[in-house]
Amino acid sequence: MAIQTFRGFSLLLVISVCTVLIFLTFGHLSSIGWNAFSGLTRQVDEEMVGSGEVEETLTKIADSTKTNGAEVKSDQTSRTTPGAVPETPMPVLSRKSFKKAPRWDFDDIYNQDAPPRQTTCAESLRNSEDEGFKKAFLPNVRMFMHRTNMSEWNRLSHFNNPFGFMEFKHDEVMLAVNLIPKPNEPLLPPKTGSDKCLRCAVVATGGILNGSKMGKEIDAHDYVFRMNGAAIKGYEEDVGNRTSVYVHTAHSITTSLYLWRKFGYTSAPKDEGIKYVMIPEGMRDFLWMEGLFKGERVTAGPYKNNRPRNYYSGQYNETRFYVLHQDFLRYVRNRFLNSPHLNSSHWSIVRPTNGAFTIFLALQTCDTVSAYGFMTEDFRKYSNYYVERLRKTNVIFYANHDYIMEKNLWKRLHDSKIIKLYQKTVPETGSPSVTPKH
Ligand SMILES: *[C@@H]1O[C@H](CO)[C@@H](O)[C@H](O)[C@H]1NC(C)=O
Ligand SMILES: *[C@@H]1O[C@H](CO)[C@@H](O)[C@H](O)[C@H]1NC(C)=O
Ligand SMILES: *[C@@H]1O[C@H](CO)[C@@H](O)[C@H](O)[C@H]1NC(C)=O
Ligand SMILES: *[C@@H]1O[C@H](CO)[C@@H](O)[C@H](O)[C@H]1NC(C)=O
Ligand SMILES: *[C@@H]1O[C@H](CO)[C@@H](O)[C@H](O)[C@H]1NC(C)=O
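The numbering of the sequence shown is the UniProt record's numbering, which starts it at 1 and goes up by one.
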């Protein structure tokens, strides 16, 4: 009897200790208002379409998860499984096996080994007092990809692109990944002189910039980030003429050329010394990179026979080419743009926009961030793109992005003084630290 009570007590103790541990590890996240990551449950039967095959895969996943979980670095959790170094890729997971975005227990754990960036800038967003932002922001999350190892491959194979390698074949992807140069210098060189603040402008393509005359103000920043169809010639007065960092995918750098030619867009920005940043959005991007790094034609996929180097207008140099890391992209999604659409049947295409990733790239690398041409409350008044001057077009909502959630996030970051968002009609400011409503 006594023994049974004791057993019962131990069990209770174990349960409570576990609960406390779970709370310590993840509990604080659920209290943040920044669409904080909340689905920290390993998806097993719930999300999987039941079938014998799937169950078999699941067992294998469970095994490989144990192993690669051991390699994951984190300030919150450290797991150790001594001697467990996988040598082979885990079985390929299929997106079709999940009815909504799977959430693994290591979903919200990221490599945090980016070189620390000390700043003496008093007004740096890194000194923000906003509680929600402070909790969600990871100052040292790994930003850029280069050669990787098998445990990393297996860990990242649990996440669909662009957040990981799900459904990709190890050997095909590695042909490109092994060629990615390890960044030798930070994306933005530190400033010399008395003003040590790195002041950045991020310029998106929104119609709000038409007629804005923001060009001078934009160019006055230390660094200017642009993405996608960044048309400049003929639009300088509104959008400026400098580009220090250009963010793109293989799709955006190729399609902008023919979609926007009629608006005078003839090449990706090519300022001297420009940094090119790629979002590895799909397999086609790895095929693109392989051709790019080798200086050859693309061998397969939608850009077969293209010569990627021709798209960088003579400014391509591997020392200035960066590839965003899946951990960084997943961190942005999980902690800031965790859209409810990730629970829908089209979950696997749902991801933040290239513009959103660019704002976060700037938040990680700059002290102050001003955002221009992003969606605002009154977006219906403006054309979809600033190049569409002659006839007002309507903003197009594509199923792969949650534009409204992004719009609300920019406003919140602005109201909390973490970014400065260019708005034409300044809406009444709500209280900055409220939990977002969806
Ligand atoms: C694999 O790479 C990760 C990330 O860089 C690192 O933390 C880990 O120690 C590496 N594992 C092995 C077995 O080399
Ligand atoms: C941008 O415009 C300024 C002023 O007109 C000019 O001095 C500068 O060279 C231009 N920069 C680029 C990158 O075109
Ligand atoms: C790339 O940049 C490095 C460093 O600035 C330089 O030494 C090298 O010559 C450049 N390579 C090419 C192909 O221009
Ligand atoms: C998805 O659904 C789960 C369970 O119903 C819920 O806990 C989670 O918050 C939802 N995720 C999003 C991003 O809405
Ligand atoms: C773009 O701005 C110009 C100059 O302010 C204005 O005349 C034009 O109507 C605007 N176009 C659209 C589509 O709003």
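Glycine included, each C-beta is placed from N, C-alpha and C at the ideal position.
beta-carbon GLU237 near ligand 1 non-hydrogen atom, thresh 6 angstroms: For this step, residue 237 is matched to residue 237 along the sequence shown. The answer is no for GLU237.
Enclosing beta strand (DSSP E) for VAL224 [first to last residue]: Mapped onto the sequence shown, residue 224 falls at position 224. Element bounds for VAL224: 223-227.
Residues bridged to HIS248 [DSSP beta-bridge criterion]: Position 248 of the sequence shown, counted from the first residue, corresponds to residue 248. Note: HIS248 sits in a beta bridge opposite MET278.
Euclidean distance between Cα positions of residue 441 and ARG103: Absent from the model: residue 441. The displayed extent of the chain is 1 to 438, so no value can be given.
Anticipated Cβ contact below 8 angstroms, PRO181 with ILE232, distance rounded: Along the sequence shown, one-based indexing puts residue 181 at 181. Along the sequence shown, one-based indexing puts residue 232 at 232. That belief does not hold up - the Cβ atoms of PRO181 and ILE232 are roughly 27 angstroms apart, past 8 angstroms.
For SER370: DSSP bridge partner residues: For the purposes of this step, residue 370 is taken as residue 370 along the sequence shown, with counting starting at 1. According to DSSP, SER370 bridges with ALA201 and LYS420.
Neighbourhood of ALA362 by C-beta, 6 angstroms cutoff - its chain only, sequence neighbours within 5 removed: In the sequence shown, the residue the question calls residue 362 occupies position 362. The residues are CYS200, VAL202, PHE225 and VAL369.
Burial state of ALA300, where buried means 16 or more other Cβ atoms lie within 10 Å: Against the sequence shown, residue 300 aligns to sequence position 300. Result: exposed.
Given LYS196 as reference, the closest of ILE218, LEU187 and ASP222 once Cα atoms are compared: Position 196 of the sequence shown, counting from 1, holds the residue named residue 196. Per the Cα distances, ASP222.
Check: ASN149 C-beta below 6 angstroms from any heavy atom of ligand 1: Taking the sequence shown and counting its residues from 1, the one referred to as residue 149 is at position 149. At least one heavy atom of ligand 1 is nearer than 6 angstroms to the Cβ of ASN149, so yes.
Cβ-Cβ separation, MET289 to VAL323 (assumed contact under 8 angstroms), whole Å: For the purposes of this step, residue 323 is taken as residue 323 along the sequence shown, with counting starting at 1. For the purposes of this step, residue 289 is taken as residue 289 along the sequence shown, with counting starting at 1. Confirmed, about 7 angstroms.
DSSP-derived helix/strand/coil call for PHE165: The count along the sequence shown starts at 1 and reaches residue 165 at position 165. Of the three classes helix, strand and coil, the one that applies to PHE165 here is coil, per DSSP.
Residue burial classification, VAL85 (beta-carbon count within 10 angstroms, cutoff 16): Numbered from 1 along the sequence shown, position 85 holds the residue referred to as residue 85. Under this definition VAL85 is an exposed residue.
Inter-stretch contact (C-beta, 8 angstroms, three-pair minimum) for the region 118-126 and the region 143-154: no
ASN394 versus LYS135: straight-line alpha-carbon distance, rounded: Locating residue 394 in the sequence shown gives position 394, counting from the first residue. Locating residue 135 in the sequence shown gives position 135, counting from the first residue. Roughly 36 angstroms separates the two Cα atoms.
C-alpha gap between GLN423 and LYS275, whole angstroms: Position 423 of the sequence shown holds residue 423. Position 275 of the sequence shown holds residue 275. Roughly 28 angstroms separates the two Cα atoms.
Beta-carbon spacing of GLY355, MET227 below 7 angstroms: As a first step, residue 355 must be located in the sequence shown, where it is residue number 355. As a first step, residue 227 must be located in the sequence shown, where it is residue number 227. Yes, the Cβ-Cβ distance between GLY355 and MET227 is below 7 angstroms.
As assigned by DSSP and simplified to three states, the class of TYR331: Residue mapping note: residue 331 aligns to position 331 of the sequence shown, counting from 1. It is helical.
Segment limits, alpha helix (DSSP H) that includes PHE360: As a working mapping, residue 360 is identified with position 360 in the sequence shown. Counting along the chain, the alpha helix (DSSP H) containing PHE360 begins and ends at 354-365.
Counted within 10 angstroms of its Cβ, other Cβ atoms place LEU390 as buried (16 or more) or exposed: Counting from 1 along the sequence shown, the entry for residue 390 is found at position 390. Per the 10 Å Cβ criterion, exposed.
6 angstroms Cβ shell around ILE61 - same chain, five flanking residues per side excluded: If you number the sequence shown from 1, residue 61 lands on position 61. Reliability of the predicted coordinates at ILE61 is poor, the pLDDT of 38 falling under 50, and the value obtained from them is presented with this limitation in mind. Nothing meets the Cβ criterion.
ARG242 beta carbon near ligand 6 (any heavy atom closer than 6 angstroms): Ligands present in the displayed structure are limited to ligand 1, ligand 2, ligand 3, ligand 4 and ligand 5, and ligand 6 is not among them.
Buried/exposed call for PHE397, threshold 16 Cβ in 10 Å: For the purposes of this step, residue 397 is identified with residue 397 of the sequence shown, where counting begins at 1. It counts as exposed.
Reference MET174; option with closest CA among SER267, THR205, ASP285 and ASN140: Translated into positions along the sequence shown, residue 174 becomes position 174. MET174 has its Cα closest to that of ASP285, out of SER267, THR205, ASP285 and ASN140.
7 angstroms CB neighbourhood of SER94 in its chain, flanking five on each side removed: Residue 94 sits at position 94 when you count from the first residue of the sequence shown. Closer than 7 angstroms at Cβ, skipping near neighbours: GLU167.
Terminal residues of the alpha helix (DSSP H) in which TYR311 lies: On the sequence shown, position 311 is the one that residue 311 refers to. TYR311 -> no alpha helix (DSSP H), and no H or E assigned at all.
Per-residue DSSP class, three states only, for GLY215: Locating residue 215 in the sequence shown gives position 215, where the first residue counts as 1. Three-state result, GLY215: helix.
For PHE144, the residue or residues it bridges with in DSSP: Your numbering for residue 144 matches position 144 in the sequence shown. In DSSP, PHE144 forms a bridge with LEU324.
Continuous alpha helix (DSSP H) assignments of at least 4 residues falling wholly in the region 109-140: 131-136
Rounded C-alpha distance that separates THR88 from SER157: Residue 88 sits at position 88 when you count from the first residue of the sequence shown. Residue 157 sits at position 157 when you count from the first residue of the sequence shown. Using only the alpha carbons, I get a separation of about 12 angstroms.
Residue of PHE133, ASP238 and PRO190 minimising C-alpha distance to residue 442: No answer is possible for residue 442: it lies beyond the span of the chain, which begins at 1 and ends at 438.
Of the residues ASN338, THR365 and LYS262, the one placed nearest PRO352, counting alpha carbons only: Sequence index remark: in the sequence shown, residue 352 carries index 352 (1-based). Considering only alpha carbons, the answer is ASN338.
Exposure label - GLU237; buried when at least 16 CB within 10 Å: Position 237 of the sequence shown, counted from the first residue, corresponds to residue 237. Per the 10 Å Cβ criterion, exposed.
Where TYR382 sits in the DSSP three-state scheme: Translated into the one-based positions of the sequence shown, residue 382 becomes position 382. TYR382 falls in the coil class under three-state DSSP.
heavy atom of ligand 5 below 6 angstroms from ASN184 C-beta: Within the sequence shown, numbered from 1, the residue matching residue 184 stands at position 184. No; taking the cut-off as 6 angstroms, the Cβ of ASN184 has no heavy atom of ligand 5 nearer than that.
Closer than 6 angstroms: LEU409 CB and nearest ligand 4 heavy atom: Along the sequence shown, one-based indexing puts residue 409 at 409. No, the beta carbon of LEU409 sits no closer than 6 angstroms to any heavy atom of ligand 4.
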